[in-house]
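Heads up: the sequence lines are chains E and Z, in that order.
All residue numbers for the first sequence refer to the numbering used here, where the first residue is 11 and numbers rise by one.
All residue numbers for the second sequence refer to the numbering used here, where the first residue is 11 and numbers rise by one.
C-beta atoms are modelled at their ideal positions from N, C-alpha and C, and glycine is treated no differently.
All figures in this text were calculated on a predicted structure; none of them were measured in a lab.
Structure, as structure tokens:
2 protein chains.
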Amino acid sequence: MDESNEKSSTPGRDAGVPKAVVNRLSLYLRELEHLLRGGQQTTSSHQLGRVLGFTDAQVRKDLAYFGHFGHPGIGYRCDELVAAIRRILGTDQPWTVAIVGVGNLGRALLGYRGFSERGFRIVAAFDTDASKVGSQIEGVEVFHVDRLAEVARAHRLRLGVIAVPAAAAQHAADQLVAHGIEGILNFAPVTLSLPDHVRRVGVDLAIELEQLTFAVANRLGGE
Amino acid sequence: MDESNEKSSTPGRDAGVPKAVVNRLSLYLRELEHLLRGGQQTTSSHQLGRVLGFTDAQVRKDLAYFGHFGHPGIGYRCDELVAAIRRILGTDQPWTVAIVGVGNLGRALLGYRGFSERGFRIVAAFDTDASKVGSQIEGVEVFHVDRLAEVARAHRLRLGVIAVPAAAAQHAADQLVAHGIEGILNFAPVTLSLPDHVRRVGVDLAIELEQLTFAVANRLGGE
DNA sequence: TAGATTGTTAATCGATTAACAATC
DNA sequence: TAGATTGTTAATCGATTAACAATC
């Protein structure tokens, strides 16, 4: 929503793929991994759609944007489709990530297991607070923001996560951009101004609650 | 997308309002508050659209779903529009929230200032870990999940936030639902199965990074 | 073969944009 | 009055769904 939750595609070089489709791809992937853990070998557009609340036609259409992954009469082999979606999303290869801001939220993100499970490696954290700089949190070293250039180069950093207070977010973003970061996941409740070549996803925790509130108050479909 | 970030409306009793519109409403609100802090009295659909990356027509159309908030020739008075959007979203009145799960993420959420700034009051936290139960975190008491019924009644709880591990999320959701919670903000990376009358919003942190990854790898519009 | 399920086309539905009269 | 800007209609654009031949 927001930064966070934009709906339609505003492509650059594009591939003709609506953002909503890519979003559902992540959900398919999550569900497929869940099915695999439960020992299920194959699934169908019907099953995936039922669990996630989509029509079977939509599931098939979404996947067909990217290729032929199914087997008529059979369905989709979970492991095949997992591999295919990972390749599409780009998470078949590891991505290095840095987190800027080691407050409550930054620390929680540093300890979040889900990132590594999904192929992301948090290789560095940054802060300006001298009492934090030099420490290790969840096995990740905390650097002063001044050392961004050096660390970004050393790790070939491509993604940055902003977990600083709102007032510091634009400055943090500028520094990330200056050092070649290509994408920013922004948890600060501000609209960042970024050059066109830098991708962004925004998550505003209060806005998520706000959206839930509206859904409850109006008995709307909540997600 | 996902639980998190669904695109189109799947209404219940509905009001004919697409979910994308409600989502943008939150962004307008955030921006208007930012403008007000900067001392700006009025704004226009053109200005709001430019900052947030929408067309002016879309801004006007979104707002027009709910009433006549602008002044032809003048624009929108920021304070008026803020009040109007808060009323629409339901955040002109306080909402009590409980957080289930006091791990890294739960603790970060308990300390997140943005919630109270937006009209949410976290009145209780729950966990099953005896070493946490009875303590206070960020001024919020941690109860054993067994006391959900009692606390929910005492505080007239309507919203719950799930910040437990994936394996425990469905059980946590079931308990919240059993005690009358009307909306769930789910941070666990699972698709919850919920009765129709309960609203939900899902935020999967790894999926957000995954979406960013795709945007970077494909040079797509990032948000 | 009968049953299941895909990939794809055409039809439907919904959301965004452009344009403009009305208003300040 | 001239300039700015809204609210709204009609036109465009895009996304979802239904249907079905092809396949296993």
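Kindly list, in the order they appear in chain Z, the residues whose Cβ is closer than 7 Å to that of residue i.
i, result
"residue 167 of chain E", "Under the 7 Å cutoff, chain Z gives no residues; its nearest Cβ is about 12 Å from residue 167 of chain E."
"residue 121 of chain E", "114"
"residue 227 of chain E", "100"
Does any residue of chain E bring its CB to less than 9 Å from the CB of residue i?
i, result
"residue 124 of chain Z", "yes"
"residue 199 of chain Z", "yes"
"residue 45 of chain Z", "no"
"residue 35 of chain Z", "yes"
"residue 184 of chain Z", "no"
"residue 111 of chain Z", "no"
"residue 217 of chain Z", "yes"
"residue 42 of chain Z", "no"
"residue 136 of chain Z", "no"
"residue 128 of chain Z", "yes"
"residue 118 of chain Z", "yes"
DSSP three-state call for residue i: helix, strand or coil?
i, result
"residue 137 of chain E", "strand"
"residue 75 of chain Z", "coil"
"residue 169 of chain E", "strand"
"residue 160 of chain Z", "helix"
"residue 52 of chain Z", "strand"
"residue 15 of chain E", "Because the pLDDT of residue 15 of chain E is 35, which lies under 50, any placement of that residue in the model is unreliable, and the question is left without a value."
"residue 108 of chain Z", "strand"
"residue 81 of chain E", "strand"
"residue 216 of chain E", "helix"
"residue 207 of chain E", "coil"
"residue 229 of chain Z", "coil"
"residue 6 of chain Z", "Nothing in the structure corresponds to residue 6 of chain Z, since chain Z is present only between 11 and 233."
"residue 146 of chain E", "strand"
"residue 20 of chain E", "For residue 20 of chain E, the predicted structure reports a pLDDT of 38, less than 50, and the residue's modelled location is therefore unreliable. A value from the coordinates is still provided. In the structure shown, residue 20 of chain E sits in coil (DSSP, three-state: anything other than H, G, I, E or B)."
"residue 197 of chain E", "coil"
"residue 181 of chain Z", "helix"
Answer yes or no: does any C-beta atom of chain Z fall closer than 9 Å to that of residue i?
i, result
"residue 150 of chain E", "no"
"residue 71 of chain E", "no"
"residue 207 of chain E", "yes"
"residue 221 of chain E", "yes"
"residue 214 of chain E", "yes"
"residue 172 of chain E", "no"
"residue 29 of chain E", "yes"
"residue 157 of chain E", "no"
"residue 23 of chain E", "Caution applies to residue 23 of chain E, whose pLDDT of 41 falls short of 50 and renders its modelled position unreliable; the value that the coordinates give is listed next. It does; some Cβ of chain Z falls within 9 Å."
Between the options, which has its C-alpha nearest residue i's C-alpha?
i, options, result
"residue 175 of chain E", "E:159, E:202, E:27, E:146", "E:202"
"residue 185 of chain Z", "Z:125, Z:110, Z:30, Z:44", "Z:110"
"residue 69 of chain E", "E:54, E:82, E:83", "E:54"
"residue 87 of chain Z", "Z:150, Z:41, Z:191, Z:125", "Z:41"
"residue 150 of chain E", "E:137, E:159, E:156", "E:137"
"residue 37 of chain E", "Z:225, Z:217, Z:222, Z:224", "Z:217"
"residue 177 of chain E", "E:197, E:99, E:134", "E:197"
"residue 193 of chain Z", "E:63, E:219, E:35, E:116", "E:219"
"residue 34 of chain E", "Z:61, Z:221, Z:228, Z:49", "Z:221"
"residue 30 of chain E", "E:71, E:49, E:61, E:46", "E:71"
"residue 123 of chain E", "Z:223, Z:215, Z:229", "Z:215"
Give the interface partners of residue i over in chain Z, defined as CB-CB distance under 9 Å, in chain order.
i, result
"residue 79 of chain E", "Result: empty, since nearest Cβ-Cβ is about 17 Å, beyond 9 Å."
"residue 61 of chain E", "201, 203"
"residue 131 of chain E", "Result: empty, since nearest Cβ-Cβ is about 11 Å, beyond 9 Å."
Considering only residues of the same chain and omitting the five flanking positions on each side of residue i, which have a CB-CB separation below 6 Å?
i, result
"residue 195 of chain E", "171, 211"
"residue 94 of chain E", "79"
"residue 208 of chain E", "187"
"residue 73 of chain Z", "79"
"residue 226 of chain E", "none"
I'd like to confirm something about residue i: is its beta-carbon nearer than 8 Å to some heavy atom of the ligand NAP, or not?
i, result
"residue 212 of chain Z", "This structure does not include the ligand NAP; it has no bound ligands of any sort."
Among the residues of its own chain, which have a CB less than 7 Å from the CB of residue i, if the five just before and after it don't count?
i, result
"residue 144 of chain Z", "152"
"residue 52 of chain Z", "84, 85, 86, 87, 88"
"residue 119 of chain Z", "109, 171, 173"
"residue 58 of chain E", "38, 41, 69"
"residue 75 of chain Z", "27, 31"
Which chain E residues are close to residue i, counting only those with a beta carbon under 9 Å from its beta carbon?
i, result
"residue 53 of chain Z", "Those do not exist, as residue 53 of chain Z stays about 14 Å from chain E at its closest Cβ, beyond 9 Å."
Mind pulling the chain E residues with CB within less than 7 Å of residue i?
i, result
"residue 101 of chain Z", "220, 223"
Anything in chain Z within Cβ reach of residue i, meaning under 8 Å, just list it in chain order.
i, result
"residue 193 of chain E", "222, 223, 225, 226, 232"
Who are the near neighbours of residue i in its chain, counting only those whose CB is closer than 8 Å to its CB and skipping five residues on each side?
i, result
"residue 23 of chain E", "Only weak support is given to the placement of residue 23 of chain E: the predicted model assigns it a pLDDT of 41, under 50, and the value that follows is read from those uncertain coordinates. Excluding positions up to five away in sequence, the list is empty."
"residue 90 of chain E", "79"
"residue 128 of chain Z", "101"
"residue 169 of chain E", "105, 106, 107, 108, 130, 191, 192, 193, 194, 195"
"residue 99 of chain E", "32, 35, 36, 39"
"residue 165 of chain Z", "106, 108, 133, 134"
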